[in-house]
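Take 2 as the starting number for the sequence shown in the numbering used here and just add one per residue. Reading through the structure tokens given below for one structure.
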Amino acid sequence: MNTQKLNTSPRIKRETKNKIRVEFERTPFLERMKARFGTTYFAQRVVWYVFRFVLLLGISYVILFPFFAKISGSFMSPNDFVDVTVRLIPKYPTFDIYRAIFVEQQYMKAFMNTALLSVSTALIQTFICSVVGYGFAKFKFKGNTLLFLAVVLTMIIPHGTLQFALFMKFRYFDVFGLMRLISGQTLTLTNTFWPLILMSLFGLAFKNGLYIFMMRQFYRGVPDELEESAYVDGSGVFRTFIQIILPLSVPMMITIFLFSFSWQWTDDFYTTLFFTTTRTVLMPTIVGIPNSLQTNYAGQNLYYAAINSTCGLMIIAPLIIVYLFCQKFLVQGIERSGIIG
């Protein structure tokens with residue numbers, strides 16, 4: 002079938018555009034506006050944009066308003082909580098709540114102790130979970146499925162069911178009865194960092210099952226040819242893992258580190274379980290009413306609630322700062338983990 006080629010030379014295109022522009026300029030203004038904005042398609046788009054804006058505005062209000070209310074309440078004085086004219090803006094702003102938390106609740110001491118504990122356990126958990134996840138992903142051995150099932154079960158079993166057993170294990174710590182045999186007594190590891198460090202070393206700390214699962218999913222996506230070429234060049238398993246696999250998994254390891262650091266920072270389960278005295282001050286232990294702020298008046302409950310909320314804000318403030326600087330690595334790690342939904 003014969004087909005005719007359209008004359009699409011630049012001159013023809015330019016003349017056609019000029020004709021369309023001249024005809025458009027000759028059209029009355031109202032008719033042009035009607036042709037542009039009076040269509041059903043334009044009305045549908047306007048309705049959709051307005052609906053989406055109202056929906057996002059409502060969701061943002063529901064999420065952000067309580068947060069702003071807590072920040073505003075942290076600067077209020079006791080008189081503001083009994084003044085019906087005060088809503089979000091305090092009439093008598095003060096820093097008394099923050100000053101009392103810093104001094105009486107020993108905020109800086111709790112910050113340093115929690116930072117040391119969170120960073121040390123997060124680093125240990127990141128490396129241990131990487132090694133275990135790599136083993137599950139790349140090595141086939143008898144009992145592989147059963148062991149991985151045990152890892153998954155650690156994410157399902159409530160920690161409260163193991164609370165008494167964990168406490169007794171570290172209150173009277175012994176290794177197969179050897180310490181009692183040698184010294185005649187067991188070790189007391191409570192009120193120290195050792196329970197959390199030992200649990201991190203053996204991959205049994207809080208959420209370690211989830212971290213192992215995430216690393217396993219990530220390493221399953223690493224091509225086997227990288228390891229095979231390293232083995233051909235004479236590299237061993239450990240050297241291959243350190244020099245080739247670990248550099249590839251840096252974004253994922255940063256994600257695991259951030260998760261571990263954040264959960265340990267705000268953990269109150271193991272904190273109240275292993276630290277039974279007030280000698281070690283950690284972030285969860287600063288929540289309370291300082292002695293200088295204890296009072297008895299009509300707005301006492303609202304005032305005490307604002308103090309506890311301020312303690313919570315001061316606990317999560319370092320985490321917000323860490324997230325602002327590390328959110329890119331966190332998103333990259335989640336994308337490469339292979340976990341969807």
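All C-beta atoms, glycine included, are put in the ideal place defined by N, C-alpha and C.
Same chain only: Cβ atoms within 6 Å of residue i, ignoring 5 sequence neighbours per side
i: residue 269; result: 285
i: residue 331; result: 256 and 259
i: residue 283; result: 111, 114, 115 and 272
i: residue 89; result: 73
i: residue 80; result: 93
i: residue 91; result: 76, 77 and 81
i: residue 221; result: 138
i: residue 261; result: 123 and 126
i: residue 87; result: 81
i: residue 118; result: 194
i: residue 183; result: none
Distance, residue j Cα to residue i Cα
i: residue 267; j: residue 142; result: 38 Å
i: residue 237; j: residue 209; result: 27 Å
i: residue 191; j: residue 151; result: 27 Å
i: residue 64; j: residue 72; result: 14 Å
i: residue 204; j: residue 132; result: 10 Å
i: residue 308; j: residue 74; result: 8 Å
i: residue 187; j: residue 276; result: 18 Å
i: residue 248; j: residue 194; result: 30 Å
i: residue 128; j: residue 215; result: 13 Å
i: residue 1; j: residue 59; result: In the structure displayed, the chain extends from 2 to 342; residue 1 sits before or after that span and is not available.
i: residue 93; j: residue 302; result: 18 Å
i: residue 85; j: residue 304; result: 14 Å
i: residue 162; j: residue 108; result: 32 Å
i: residue 226; j: residue 239; result: 16 Å
i: residue 69; j: residue 61; result: 12 Å
i: residue 176; j: residue 207; result: 22 Å
i: residue 120; j: residue 46; result: 50 Å
i: residue 104; j: residue 281; result: 16 Å
i: residue 1; j: residue 181; result: For residue 1 there is no data in the structure shown, the boundaries of the chain being 2 and 342.
i: residue 241; j: residue 278; result: 46 Å
i: residue 17; j: residue 41; result: 28 Å
i: residue 306; j: residue 124; result: 35 Å
i: residue 189; j: residue 230; result: 49 Å
i: residue 219; j: residue 56; result: 36 Å
i: residue 159; j: residue 149; result: 18 Å
i: residue 235; j: residue 228; result: 11 Å
i: residue 329; j: residue 233; result: 36 Å
i: residue 154; j: residue 317; result: 29 Å
i: residue 8; j: residue 48; result: Annotation note: pLDDT 49 at residue 8 (below 50); position unreliable, coordinate value reported separately. Those two C-alpha atoms are separated by around 42 Å.
i: residue 322; j: residue 147; result: 40 Å
i: residue 324; j: residue 43; result: 40 Å
Residues near residue i by beta carbon distance below 8 Å, same chain, minus five either side
i: residue 312; result: 102, 106, 287, 288 and 289
i: residue 342; result: Bear in mind that the predicted position of residue 342 carries a pLDDT of just 43, short of 50, making it unreliable; the figure below should be weighed with that in mind. So no residue of the chain qualifies.
i: residue 99; result: 75, 311 and 315
i: residue 6; result: A caution first: residue 6 carries a pLDDT of 45, below 50, which makes its placement in the model unreliable, though a value can still be read off. Once the five neighbours on either side are set aside, residue 6 has no close Cβ partner at all.
i: residue 213; result: 130, 133, 134, 137, 152 and 204
i: residue 96; result: 76
i: residue 327; result: 255 and 259
i: residue 145; result: 137
i: residue 196; result: 167, 171, 190, 271 and 275
CB-CB length for residue i against residue j, believed under 8 Å
i: residue 122; j: residue 265; result: 5 Å
i: residue 320; j: residue 263; result: 6 Å
i: residue 246; j: residue 223; result: 7 Å
i: residue 253; j: residue 211; result: About 13 Å separates the two Cβ atoms, so there is no contact after all.
Chain-order list of residues whose beta-carbon lies under 7 Å from that of residue i (same chain, five-residue window excluded)
i: residue 274; result: 164, 167 and 168
i: residue 299; result: 83
i: residue 179; result: none
i: residue 217; result: 134, 137 and 138
i: residue 3; result: Only weak support is given to the placement of residue 3: the predicted model assigns it a pLDDT of 44, under 50, and the value that follows is read from those uncertain coordinates. Once the five neighbours on either side are set aside, residue 3 has no close Cβ partner at all.
Any chain D beta carbon closer than 8 Å to residue i
i: residue 187; result: Absent from the structure: chain D. Only one protein chain is present.
Report task. Please confirm if the segment 40-56 is in contact with the segment 287-298, defined as three or more CB-CB distances below 8 Å between the two stretches. Result -> no
**Report entry** Meets three-Cβ-pair contact criterion under 8 Å: the segment 190-202 and the segment 164-179
**Finding:** yes
**Report entry** Cβ contact (3+ pairs, closer than 8 Å) linking the segment 131-140 and the segment 105-119
**Finding:** no
Requested in this report: May I have a chain-ordered list of the alpha helix (DSSP H) segments no shorter than 4 residues that lie completely inside the segment 92-118?
Outcome: 97-104
Query raised in the report: Where are the beta strand (DSSP E) runs, 3 residues long or more, that stay fully inside the segment 116-163, in chain order?
Result: none
Requested in this report: May I have a chain-ordered list of the alpha helix (DSSP H) segments no shorter than 4 residues that lie completely inside the segment 198-274?
Outcome: 209-221, 225-233, 238-241 and 251-266
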